[in-house]
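Q: Got a structure here, written out as structure tokens. Questions coming.
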Amino acid sequence: MSVTTPRGFRSSGVAAGLKSTGRPDVAVVVNDGPDHHAAAVFTANRVAAAPVYWSRQVIADGRADAVVLNSGGANACTGAPGFQDTHATAEHAAEQLGVSATDILVCSTGLIGERLPMEQLLTGVRSAAETLADDGGQAAAEAIMTTDSVAKTASFTDGRYAIGGMAKGAGMLAPGLATMLAVLTTDAVLPAEDLDRYLREAVRTTFNRTDSDGCMSTNDTVILMSSGASGAVPEAGAFQEGLRSVCADLARQLIGDAEGAGHDIAIEVVHAASEEDAEEVGRAVARSNLFKTAIFGRDPNWGRVLSAVGTTQAAFEPDRLDVAINGVQICRGGGIGDPRDLVDLAAREVHVLIDLHAGQDAATIWTNDLTHDYVHENSAYSS
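The following block contains the structure:
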């Protein structure tokens, strides 16, 4: 259940000394073909990391032979020298793999504003290239972890072809994407333009609806590569749903491992005038610190939900809003509903249902509560 679940892929993860803990910090994923088609989406942050600039150029022709990833340093806000480091990483990987540097995608994650220790990184790339294996997906997933507590992998198969994936991320989760790196693979036969279309649609309703803390990273990257090794040409709808299910699984794991979180919160908005309205409302609630701290305190304070909904441009009438938390409709018609003490918030998962009574569209945003542990972890992140 990883990036090496589909045929035609090898991967590895090694410790190169980028992390002070000595844990694995360099991963490589290689597409052995016969096809080398690829697509990717990147952060919308205008302050983008050097690997993002490099990989945007690499993916422009729809081909990628490999991905090199490192944790232990973001290589963001490092100027021209940082871009040169990314280029050098790709060149070194290309030498080890016998391919062109312009077909090597590069991803980094970690602290912003510091140069990578290139001697250790390049040594790690060489070691990773030498240890590539067709069952190396778990090792690669572990090597890209930063504040993650567990490695995140997922897969889908219909018997003819497979889709695999890995992701990292536990904070700064907000569109575009999250503070995350994700590599997805498939052995289905698909051209690059189809991969791009499927990937963007899958990301739109999964990773882009994962909003832990409203903070957007400089390094977000999601890559999809196809080897064509199965020889199977998938039906469009089935492949789209399979890819969406893998992305949804990984996105859910990101929220489940969010820094310091005690609750995973699904904010489902229904009967909206448009999908965009539903998403805007869900995101407004997800980004309300008042709401998030209330859930942390196990207080079903529906007034904080309504006040967040009211800040949006969505179509609704205030006196028609309904809100339920974990199945108890505590707000009815914009006013008092069932007693809030009926709501049980002891479990990890929380479901908030907001009915706008304005149309037929819906969307769900996943977030988490705001805790003391989140503040502690992020206040000490650089040290």
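Just so you know, we're using the numbering used here here: the sequence shown kicks off at 68 and counts up by one.
Cβ coordinates follow ideal geometry from the N, Cα and C atoms, glycine included.
1. Thinking C-alpha only, which one of L248, L199 and V192 is nearest K219?
2. Roughly how many whole angstroms lie between the Cα atoms of N435 and V410?
3. Taking the beta carbon of T285 as the centre, do at least 16 other beta carbons fall within 10 Å, making it buried, or is it exposed?
4. Measure the alpha-carbon distance for P385 versus G400 and round it to whole angstroms.
5. Under three-state DSSP, which class holds F274?
6. Looking at C-alpha atoms only, which residue of D152, G323, T71 and A425 is the closest neighbour of M185?
7. Please say whether G140 and G177 have beta carbons closer to each other than 8 angstroms?
8. Name the residue from P101, P258 and Y120 whose alpha carbon lies nearest to the alpha carbon of T145.
9. Helix, strand or coil: how does DSSP classify G243 here?
10. How close, in whole Å, do the beta carbons of S374 and A207 come, if the pair is a contact with beta carbons under 8 angstroms?
11. Can you give me the Cβ contacts of I179 inside the same chain, cut-off strictly under 7 angstroms, excluding the 5 residues immediately before and after it?
12. Taking 8 angstroms as the threshold (C-beta atoms), are I290 and V134 in contact?
13. Given this structure, state the Cα-to-Cα distance separating P91 from G364, to the nearest angstrom.
14. Is it true that the CB of V348 sits closer than 8 angstroms to the CB of V423?
15. Taking Cβ positions, are A131 and H154 nearer each other than 8 angstroms?
16. Is the separation between the beta-carbon of F274 and that of A318 shorter than 8 angstroms?
17. Going by DSSP, which residues form a beta bridge with M233?
18. Measure the Cβ-Cβ separation of N112 and M283 and say whether it is below 8 angstroms.
19. Taking 8 angstroms as the cut-off, decide whether the C-beta atoms of V108 and L321 are in contact.
20. Please say whether T378 and A353 have beta carbons closer to each other than 8 angstroms?
21. Among R193, S175 and A259, which residue has its Cα nearest to the Cα of G165?
22. Taking the continuous beta strand (DSSP E) assigned at E326, which residues delimit it?
23. A229: which of D405, P148, F306 and N98 sits nearest, CA to CA?
24. With a threshold of 8 angstroms, are at least 3 pairs of Cβ atoms found where one atom belongs to the segment 291–300 and the other to the segment 252–266?
25. Please specify which runs of the beta strand (DSSP E), each continuous and at least 3 residues long, are wholly inside the segment 150–200, giving them in chain order.
A: On the basis of the data shown:
1. L248
2. 17 angstroms
3. buried
4. 8 angstroms
5. helix
6. D152
7. yes
8. Y120
9. Unreliable positioning characterises G243 in this predicted model, as indicated by a pLDDT of 49, which lies under 50. The coordinate reading is nonetheless provided below. DSSP places G243 in coil when its eight states are reduced to three.
10. The Cβ separation is near 44 angstroms, so there is no contact.
11. A141, A143, C144 and T285
12. yes
13. 36 angstroms
14. In the sequence under discussion, the amino acid at residue 423 is Leu, which differs from the Val named in the question. Taking 8 angstroms as the Cβ cut-off, L423 and V348 qualify as a contacting pair.
15. no
16. yes
17. T220 and V250
18. yes
19. no
20. no
21. R193
22. That residue, E326, is in no beta strand (DSSP E); it is neither H nor E in DSSP.
23. F306
24. yes
25. 171–175
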